[in-house]
Amino acid sequence: MIRDLNDTLVFVRVVRLGSFTAAAHALQIPKTTVSRRVRELEQAIGVQLLRRTTRQLSLTEAGAVYYEHCKALADTLEHAERAVHQLRDGPRGWLRVTVPFSFGVSWFAPLLAGFRQAYPEIRLEVLAYHVPLDLVGEEIDVALRLGALPDSSLIARRLASFPTGIYAAPAYLARHGTPDNPEELLHHQTLTLHQARRDVGYVWPLRREGARLKDYRVEPSILANDPALLHDALLAGEGLSLGMEQSMKADVQAGRLIRVLPQWIGPPQDLNAVTAREHLPSPKVTALIGYLKARMADEVA
Numbered sequence: 001m002i003r004d005l006n007d008t009l010v011f012v013r014v015v016r017l018g019s020f021t022a023a024a025h026a027l028q029i030p031k032t033t034v035s036r037r038v039r040e041l042e043q044a045i046g047v048q049l050l051r052r053t054t055r056q057l058s059l060t061e062a063g064a065v066y067y068e069h070c071k072a073l074a075d076t077l078e079h080a081e082r083a084v085h086q087l088r089d090g091p092r093g094w095l096r097v098t099v100p101f102s103f104g105v106s107w108f109a110p111l112l113a114g115f116r117q118a119y120p121e122i123r124l125e126v127l128a129y130h131v132p133l134d135l136v137g138e139e140i141d142v143a144l145r146l147g148a149l150p151d152s153s154l155i156a157r158r159l160a161s162f163p164t165g166i167y168a169a170p171a172y173l174a175r176h177g178t179p180d181n182p183e184e185l186l187h188h189q190t191l192t193l194h195q196a197r198r199d200v201g202y203v204w205p206l207r208r209e210g211a212r213l214k215d216y217r218v219e220p221s222i223l224a225n226d227p228a229l230l231h232d233a234l235l236a237g238e239g240l241s242l243g244m245e246q247s248m249k250a251d252v253q254a255g256r257l258i259r260v261l262p263q264w265i266g267p268p269q270d271l272n273a274v275t276a277r278e279h280l281p282s283p284k285v286t287a288l289i290g291y292l293k294a295r296m297a298d299e300v301a
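Sequential numbering of the sequence shown, starting at 1, is according to UniProt numbering.
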């Protein structure tokens, strides 16, 4: 059977929008044309698809069955057109990104200029927060998140994994000594994140090479919800801190910090790019994720 596929697409639009008037407005064609196309479709397939009254429009049983089969076709055509437009247009437009505060300041911010040079038609809006934002509600394109992710319908792409360890300033170790094993951490001052809270108190998960993580109790002298808030106190000798090796590297090389219990390592901190589930990823999102993955590979190499 040879038939104009546009009639089916017009029918799907009428059902989705609930009226001939709304469909005509969306399709930018006269209402009479919309009505005629649906009528010709019904004549071609030999059944009534819509019940028309002066107050409402509703599907017949045959119309409901036909709509369920045809709406996927309409979606596929829309996605195909969007894909072609994106290939034509390339990465461009506003890109809304959220990052953890300390990571945003120390890691993401230095990459902004390079990304803009690589993709000058993308404009960035960066939001630094201590707590995760609702991607859909806040219209976020990409969320960069460190650590374990909760189960959700979002898409996560791992960009890098950063090892962690325990660090202290030389001044603190001179006053309080250096712990010889993780059990001694309970007797030291520690600078700890809120995320370390468990039912038994505050703990640091640690392990030797090849072994499993084990929780060791600590007694915080300072608590914070972001590592950046602890760093100055760490440099001032106020306690031990469990943090990412990459974040401590410059201070260790300058002699401002010392790795404590170097044979013990903490849980790796995964950096993930999180996006809402889409049938077709946006070119600007793909561009940012690819750029960050390449730069993170250089950083941890």
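All C-beta atoms in this analysis are idealised placements derived from N, C-alpha and C, irrespective of residue type, glycine included. Computed from a predicted structure; not experimentally measured.
Have a look at the DSSP bridge pairing and note the partners of residue i.
{"i": "residue 282", "result": "In DSSP, residue 282 forms no bridge with anything."}
{"i": "residue 237", "result": "None; residue 237 has no bridge partner."}
{"i": "residue 219", "result": "189"}
{"i": "residue 125", "result": "96"}
{"i": "residue 205", "result": "215"}
{"i": "residue 167", "result": "241 and 259"}
{"i": "residue 275", "result": "155"}
{"i": "residue 266", "result": "164"}
{"i": "residue 224", "result": "193"}
{"i": "residue 38", "result": "DSSP lists no partner for residue 38."}
{"i": "residue 22", "result": "DSSP, once it has assigned bridges, lists no residue as partnering residue 22."}
{"i": "residue 144", "result": "273"}
{"i": "residue 198", "result": "201"}
{"i": "residue 50", "result": "59"}
Straight-line CA distance for residue i to residue j?
{"i": "residue 123", "j": "residue 228", "result": "27 Å"}
{"i": "residue 196", "j": "residue 216", "result": "10 Å"}
{"i": "residue 248", "j": "residue 118", "result": "29 Å"}
{"i": "residue 95", "j": "residue 155", "result": "17 Å"}
{"i": "residue 22", "j": "residue 136", "result": "26 Å"}
{"i": "residue 252", "j": "residue 170", "result": "10 Å"}
{"i": "residue 230", "j": "residue 185", "result": "17 Å"}
{"i": "residue 226", "j": "residue 28", "result": "52 Å"}
{"i": "residue 218", "j": "residue 298", "result": "34 Å"}
{"i": "residue 233", "j": "residue 138", "result": "34 Å"}
{"i": "residue 295", "j": "residue 47", "result": "60 Å"}
{"i": "residue 140", "j": "residue 213", "result": "34 Å"}
{"i": "residue 71", "j": "residue 270", "result": "39 Å"}
{"i": "residue 54", "j": "residue 41", "result": "21 Å"}
{"i": "residue 24", "j": "residue 7", "result": "13 Å"}
{"i": "residue 5", "j": "residue 282", "result": "28 Å"}
{"i": "residue 255", "j": "residue 113", "result": "30 Å"}
{"i": "residue 208", "j": "residue 80", "result": "51 Å"}
{"i": "residue 291", "j": "residue 267", "result": "26 Å"}
{"i": "residue 103", "j": "residue 175", "result": "31 Å"}
{"i": "residue 101", "j": "residue 194", "result": "15 Å"}
{"i": "residue 210", "j": "residue 204", "result": "18 Å"}
{"i": "residue 61", "j": "residue 32", "result": "24 Å"}
{"i": "residue 344", "j": "residue 250", "result": "No answer is possible for residue 344: the residues shown for the chain start at 1 and end at 301."}
{"i": "residue 44", "j": "residue 56", "result": "24 Å"}
Taking 9 Å as the cut-off, decide whether the C-beta atoms of residue i and residue j are in contact.
{"i": "residue 66", "j": "residue 20", "result": "no"}
{"i": "residue 49", "j": "residue 38", "result": "yes"}
{"i": "residue 115", "j": "residue 288", "result": "yes"}
{"i": "residue 237", "j": "residue 167", "result": "no"}
{"i": "residue 221", "j": "residue 190", "result": "yes"}
{"i": "residue 98", "j": "residue 128", "result": "yes"}
{"i": "residue 26", "j": "residue 13", "result": "yes"}
{"i": "residue 77", "j": "residue 17", "result": "no"}
{"i": "residue 293", "j": "residue 198", "result": "no"}
{"i": "residue 121", "j": "residue 90", "result": "yes"}
{"i": "residue 153", "j": "residue 277", "result": "yes"}
{"i": "residue 126", "j": "residue 59", "result": "no"}
Compute the beta-carbon to beta-carbon distance between residue i and residue j, rounded to the nearest angstrom, for a pair I have assumed lies under 8 Å.
{"i": "residue 275", "j": "residue 142", "result": "6 Å"}
{"i": "residue 245", "j": "residue 164", "result": "7 Å"}
{"i": "residue 159", "j": "residue 272", "result": "7 Å"}
{"i": "residue 108", "j": "residue 149", "result": "Between residue 149 and residue 108 the Cβ distance is about 18 Å, and since that is not below 8 Å, they are no contact."}
{"i": "residue 92", "j": "residue 284", "result": "7 Å"}
{"i": "residue 188", "j": "residue 223", "result": "Not a contact, Cβ separation roughly 15 Å."}
{"i": "residue 173", "j": "residue 258", "result": "6 Å"}
Determine, using beta carbons only, whether residue i comes closer than 9 Å to chain D.
{"i": "residue 201", "result": "The chain inventory of the structure shown lacks chain D, comprising one protein chain alone."}
Could you check whether the Cβ of residue i sits closer than 8 Å to any heavy atom belonging to the ligand PLP?
{"i": "residue 6", "result": "Because no ligand of any kind appears in the structure shown, any question about the ligand PLP cannot be addressed here."}
> Does the region 173–187 come close enough to the region 124–139 that 3 or more CB-CB pairs lie under 8 Å?
Replying inline: The answer is no - the region 173–187 does not touch the region 124–139, with fewer than three Cβ pairs under 8 Å.
>> Three Cβ pairs or more, each shorter than 8 Å: is that satisfied between the region 56–74 and the region 251–264?
In response: Between the region 56–74 and the region 251–264, the count of Cβ pairs shorter than 8 Å is below three; the stretches do not touch.
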